[in-house]
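Enquirer: Residue numbers (the numbering used here): 175 to 504. Beta carbons: idealized from backbone N, C-alpha and C, even for Gly. For reference, the structure I am asking about is given below.
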Ligand code: AMP
Ligand code: TRP
C-alpha cells in the first residue's frame with residue numbers, strides 16, 4: 175500500500191477552506207493508502223501565538239479531524255511536537271537547503287512584502303521542517319492545498335539531493351492538489367483565499383461557527399452585478415466560489431448546478447449554498463461535541479505517536495549514520 179501524509183497547522187480555528195481543500199481529501203484516501211495525518215504545531219510557533227490558544231486549537235483540531243470522518247483505526251493521527259525526530263531531521267535538512275531556495279518560497283515572500291518587522295528565522299526555514307515531516311515517513315503522496323505545493327516540491331528536491339549525495343535515503347514524494355475546491359475564497363473578498371487569519375470574520379466560515387451565523391455569512395457573500403449564473407472565476411469570483419462550495423459539499427458537478435440555476439437569481443443559489451453549509455456544520459458539530467465529551471483524544475494521539483515514533487526513530491538513526499553523525503556501529 176502506498177503511503178500518504180499530510181498535516182495542518184493549529185494556528186487558528188479550522189475553516190471551510192481547510193475542510194474542502196485538505197481534510198475532505200484525507201477521508202477519500204484513508205481507504206486506499208496508509209495514511210499519516212499530524213498536527214503541525216511546531217509550525218504554528220513560527221509566528222507569535224498565545225499558548226492557551228495553541229493548546230485549545232490543537233485539541234479542537236484533533237476532535238474536528240475525527241468529527242470530519244478520520245478513523246483512528248485506519249489513519250495514524252499524531253502530534254508533531256511529541257516526536258523530537260521532526261526537529262532533528264528538520265535541522266539536518268535546513269543544513270541541506272540553500273538560502274536562495276528558501277528565499278524563493280512564495281509564502282515567505284508574501285509575508286515579507288506585507289510586514290516589515292517580526293519575521294522570525296523559523297518562518298524562513300520552516301519549509302525545511304516541512305520537508306522533514308514528509309521525508310521522515312517516506313510518504314509517496316502529500317495531499318495539500320495549492321499554496322503548499324511549492325513546499326512539497328522543495329521536499330522532492332531535498333530527497334533527490336540527499337539520495338544523490340548519501341545514497342538511497344528518502345522516497346521522493348509527490349504533491350496531490352484537488353481539482354475542485356483547491357482554493358476556497360473569502361466570502362467578502364473573493365479574490366483572496368479564505369483564511370484562518372482573515373480580519374473580517376464575515377469572509378470566513380469557521381467549522382465551529384454557529385450554523386445560523388454561517389448561513390448569514392453565505393447570504394451576505396459578495397457577488398457581482400452581472401446577474402448570470404455561470405462558472406467564471408476570473409470575472410465572477412464570488413459566484414464561482416459559491417458554486418465551488420456547493421459542489422464540494424454536495425458532490426454535484428459544477429456544470430450540473432449551473433444548469434439547474436439557469437434563469438434563477440443569485441439569491442436562490444445563495445439559499446441553497448447556505449442550507450448545505452448549515453446542514454454540514456450542524457452534523458459536524460454534533461460529532462465534535464460527542465468526541466470531546468468521550469475524552470478519547472489523549473488515547474488516540476498516544477497510539478498515533480507510538481506508531482509514527484517507531485518509524486521516525488529508525489529513520490533518523492539511519493540518516494545520522496549516513497551523515498557520519500553516529501559513531502556507534504548500529
Ligand atoms: P493552513 O490553514 O494554511 O494551515 O492550511 C492547511 C491546509 O488547508 C493546507 O493544505 C492548505 O492548502 C489548505 N487550505 C487552507 N485554506 C484553504 C482554502 N481557502 N482553500 C483551499 N484549501 C485551503
Ligand atoms: N505547512 C503546512 C501548512 O502551512 C502544514 C504542514 C506542515 C504540512 N508539515 C506538513 C502539510 C507536511 C503537508 C505535509 O499548511
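Applying the criterion that 16 or more other CB atoms from any shown protein chain within 10 Å of the CB defines a buried residue, is residue 338 buried or exposed?
Expert: Residue 338 should be labelled exposed.
Enquirer: For residue 210, which of 179, 230, 195 has the nearest alpha-carbon?
Expert: The residue with the shortest Cα to Cα distance from residue 210 is 179.
Enquirer: DSSP on residue 399, reduced to helix/strand/coil?
Expert: Looking at residue 399 - three-state DSSP - the assignment turns out to be coil, as it is neither helix nor strand.
Enquirer: Taking only the alpha-carbon atoms, compute the straight-line gap between residue 272 and residue 298 and give it to the nearest angstrom.
Expert: Rounded to whole angstroms, residue 272 to residue 298 spans 12 Å at the Cα level.
Enquirer: Would you tell me roughly how many angstroms separate the C-alpha atoms of residue 319 and residue 175, rounded to the nearest one?
Expert: If you take the alpha carbons of residue 319 and residue 175, they lie about 23 Å apart.
Enquirer: Can you check which of these residues, 240, 262, 207, is closest to residue 494 by C-alpha distance?
Expert: Comparing Cα positions, the closest option is 262.
Enquirer: Just curious, the alpha helix (DSSP H) that residue 474 is in, first and last residue?
Expert: From DSSP, the alpha helix (DSSP H) with residue 474 extends over 471-497.
Enquirer: The ligand TRP heavy atoms versus the CB of residue 308: any closer than 6 Å?
Expert: Yes, the Cβ of residue 308 comes within 6 Å of a heavy atom of the ligand TRP.
Enquirer: Pull up the DSSP beta-bridge partners for residue 440, would you.
Expert: Paired residues: none, contrary to the question.
Enquirer: Shortest alpha-carbon distance to residue 252 belongs to which of 412, 284, 311, 334?
Expert: Looking at the Cα atoms, 311 is the closest of the given residues.
Enquirer: Determine which residues share a DSSP beta bridge with residue 189 and list them.
Expert: Note: residue 189 sits in a beta bridge opposite 380.
Enquirer: With distances taken from each beta carbon to the nearest heavy atom of the ligand AMP, which residues come in below 7 Å, in chain order?
Expert: In chain order, the qualifying residues are 180, 182, 183, 185, 189, 191, 192, 194, 195, 196, 318, 319, 320, 321, 322, 355, 356, 357, 358, 359, 367, 368, 369, 370.
Enquirer: For residue 219 and residue 296, which I take to be in contact (beta-carbon distance under 8 Å), what is that distance rounded to the nearest angstrom?
Expert: Yes, residue 219 and residue 296 are in contact; Cβ-Cβ is about 7 Å, under 8 Å.
Enquirer: At which residues does the alpha helix (DSSP H) containing residue 344 begin and terminate?
Expert: From DSSP, residue 344 is part of no alpha helix (DSSP H); its letter is neither H nor E.
Enquirer: Residue 215 and residue 259 - do their beta-carbons sit closer together than 7 Å?
Expert: Cβ distance not < 7 Å, so residue 259 and residue 215 don't count as in contact.
Enquirer: Going by other Cβ atoms of all chains shown within 10 Å of its Cβ, with 16 needed for buried, is residue 467 buried or exposed?
Expert: Counting Cβ neighbours within 10 Å, residue 467 comes out exposed, since fewer than 16 surround it.
Enquirer: Kindly indicate if chain D contains any beta-carbon less than 7 Å away from that of residue 256.
Expert: Structure shown: chain D not included; a single protein chain is present.
Enquirer: I'd like the span of the alpha helix (DSSP H) that includes residue 387, first residue to last.
Expert: Residues 385-393.
Enquirer: According to the Cβ coordinates, are residue 244 and residue 306 closer than 7 Å?
Expert: Cβ atoms of residue 244 and residue 306: not closer than 7 Å.
Enquirer: Does the Cβ of residue 333 lie closer than 6 Å to at least one heavy atom of the ligand TRP?
Expert: Flag unset: Cβ of residue 333 not near the ligand TRP.
Enquirer: Secondary structure at residue 367, three-state DSSP: helix, strand or coil?
Expert: Reduced to three states, the DSSP call for residue 367 is strand.
Enquirer: May I ask you to verify whether the region 387-406 touches the region 448-455, counting CB pairs closer than 8 Å and requiring at least 3?
Expert: Taking 8 Å as the limit for Cβ pairs, the verdict is that the region 448-455 does touch the region 387-406.
Enquirer: To the nearest angstrom, how far is the alpha carbon of residue 233 from that of residue 471?
Expert: Spanning the two alpha carbons is a distance of roughly 8 Å.
Enquirer: Work out the CA separation of residue 223 and residue 406 for me, nearest whole Å.
Expert: Approximately 38 Å between the Cα atoms of the pair.
Enquirer: Thinking C-beta only, is residue 380 closer than 7 Å to residue 249?
Expert: Not in contact: residue 249 and residue 380 (Cβ atoms no closer than 7 Å).
Enquirer: Using the Cβ count rule (16 or more neighbours within 10 Å means buried), how would you classify residue 423?
Expert: The residue is buried, with at least 16 neighbouring Cβ atoms inside 10 Å.
Enquirer: Quick one: residues in its chain with C-beta nearer than 8 Å to the C-beta of residue 331, no 5 flanking neighbours on either side, listed in chain order?
Expert: Contacts found: 275.
Enquirer: Once the 5 residues before and after residue 483 are set aside, which same chain residues still bring their CB inside 6 Å of it?
Expert: Excluding sequence neighbours, residue 483 sits near 257.
Enquirer: May I ask you to check if the CB of residue 316 is nearer than 6 Å to at least one heavy atom of the ligand TRP?
Expert: Within the cutoff, so yes.
Enquirer: Measuring only the C-alpha atoms, how far is residue 349 from residue 485?
Expert: The straight-line gap from Cα to Cα measures roughly 21 Å.
Enquirer: Within the same chain, show all residues whose beta-carbon is closer than 7 Å to that of residue 377, passing over the 5 residues directly before and after it, in chain order.
Expert: For residue 377, where only same-chain residues beyond five positions count, the Cβ hits under 7 Å are 360, 361, 362, 363, 368.
Enquirer: At which residues does the beta strand (DSSP E) containing residue 208 begin and terminate?
Expert: 208-213 is the extent of the beta strand (DSSP E) around residue 208.
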